[in-house]
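In this note's numbering, the protein residues as written are 33 to 356.
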């Protein structure tokens, strides 16, 4: 298999893996790590656009041991990159911002020799760490609507033979752009799904609030139940004693439990307020069906008494039972 065929096969495999991943953090981490592998890069950063800013989502620099964001559990604390200045002018001196604004791939061979972009922040970081940032490859992530939703930045391409830092070759850029195209669509879908889940959870919480608002006596109940449910279930999952030693929930089951706990009283939305708004039990609220049942019980009892009276008077038991 030629190198080109191997590259295409790798892109296909990556595309399949990206489309199968539903967790947004894992997906973003996979995108950056696969791009680093294609570009043989020492480091990389995945930025996600939020209105007029680019937020640092995943940061990796292998030689410095930096791994933030994604599944690491370590939050990225670097402030976002602003796409526009205070005067509203586009921030085109920052290379990442330029790639996001123009939608163009930017390949910087040596940051220290670049006059087009401002790398003062990069140089300050290098002074603090003793690192040498040299080559940068910045690829915008575009969704189906051709909107830039983020930027994939690779840092310091390493020569496979010598391990020296070299510029990103012209052959690498199209492969990373192809990966970025697949990644953007998968990431956009994942972001849309997350947004729908948040909307659903907000709607569920609103329904629970509406139920709690119907009565001052049971107010807050729908908010407390999900928290208590999660605490009890978590304790059961963490228990090593029978009968819970093998008990555990999958991610989907946790979500089902969460929704079920919030919606356990949703039927009260249509329950009359004179029923819901109660300070005591429901003994004082009656349903006329009980009166009907009582009448049938009286008829049954009278018929039974009449049967026994007839038998006691000497009537044939079979004929009396038939009448009954």
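The beta-carbon is built from N, C-alpha and C at its ideal position, and this holds for glycine as well.
Note that the structure is a prediction, hence the values are computed from the model and not measured.
Following the continuous beta strand (DSSP E) through residue 368, name the residue where it begins and the one where it ends. This structure leaves residue 368 out entirely; the chain is present only between 33 and 356.
- Message: I need the DSSP call for residue 157, collapsed to helix, strand or coil.
- Response: In the three-state reduction of the DSSP assignment, residue 157 falls in the helix class.
- Query: What residues match up with residue 184 in a beta bridge as DSSP calls it?
  - Reply: 78, 171
#### Entry: Cβ-heavy atom distance, residue 81 to the ligand GDP, below 8 Å
This structure lacks the ligand GDP, and indeed carries no ligand of any kind.
Collapsed DSSP secondary structure at residue 321 in the structure displayed: helix
Is it right to say residue 254 is buried, meaning 16 or more other beta carbons lie within 10 angstroms of its own, or is it exposed?
buried
- Would residue 85 pass as a contact of residue 113 if the rule is Cβ separation under 9 Å? yes
| message | Quick test of your reading: residue 243 and residue 300, contact by CB under 8 Å. State the CB separation rounded to the nearest angstrom. | response | 5 Å
Runs of 4 residues minimum, wholly inside the segment 86-160: which ones carry the alpha helix (DSSP H) assignment? 127-134
Check your understanding: Sorted by chain position, which residues of the same chain lie with C-beta nearer than 8 Å to residue 181's C-beta, five sequence neighbours on each side aside?
Key -> Here the set comprises 80, 81, 173, 174, 175, 216, 219, 220, 223.
| message | Rounded to the nearest angstrom, what separates residue 285 and residue 302 at their Cα positions? | response | Counting only the Cα atoms, residue 302 lies some 28 Å from residue 285.
Checklist entry - Nearest to residue 252 by alpha carbon, out of 237, 111, 263? => result Looking at the Cα atoms, 237 is the closest of the given residues.
- Task: Measure the Cβ-Cβ separation of residue 89 and residue 78 and say whether it is below 9 Å.
- Result: yes
Please name the residue or residues paired with residue 190 in a DSSP beta bridge. 197
**Prompt:** With a CB to CB cut of under 8 Å and the five nearest residues on each side skipped, what residues in its chain are close to residue 110?
**Reply:** 88, 91
* Asked: Are at least three pairs of beta-carbons, each pair with one atom in the segment 195-209 and one in the segment 94-107, less than 8 Å apart?
  -> no
Give a yes or no on contact between the segment 129-147 and the segment 163-173, applying the rule of three or more CB pairs nearer than 8 Å. yes
Please state whether the Cβ-Cβ distance between residue 61 and residue 101 is less than 9 Å. yes
### Query
Under 9 Å, do residue 294 and residue 330 count as touching if we go by C-beta distance?
no
- Query: Going by C-alpha distance, which of 287, 124, 133, 159 is nearest residue 149?
  - Reply: 124
Mapping DSSP to helix, strand and coil, what is residue 246? Of the three classes helix, strand and coil, the one that applies to residue 246 here is coil, per DSSP.
Query raised in the report: Using the rule of at least 16 other Cβ atoms within 10 Å of the residue's Cβ for burial, across every protein chain shown, is residue 69 buried or exposed?
Result: exposed
ask   = Is the Cβ-Cβ distance between residue 74 and residue 93 less than 9 Å?
value = yes
Would you identify the three-state DSSP class for residue 328, choosing helix, strand or coil?
Helix at residue 328.
Report task. State buried or exposed for residue 132, treating a residue as buried only when at least 16 other CB atoms are found within 10 Å of its CB. Result -> buried
Terminal residues of the continuous alpha helix (DSSP H) containing residue 351?
-> 349-355
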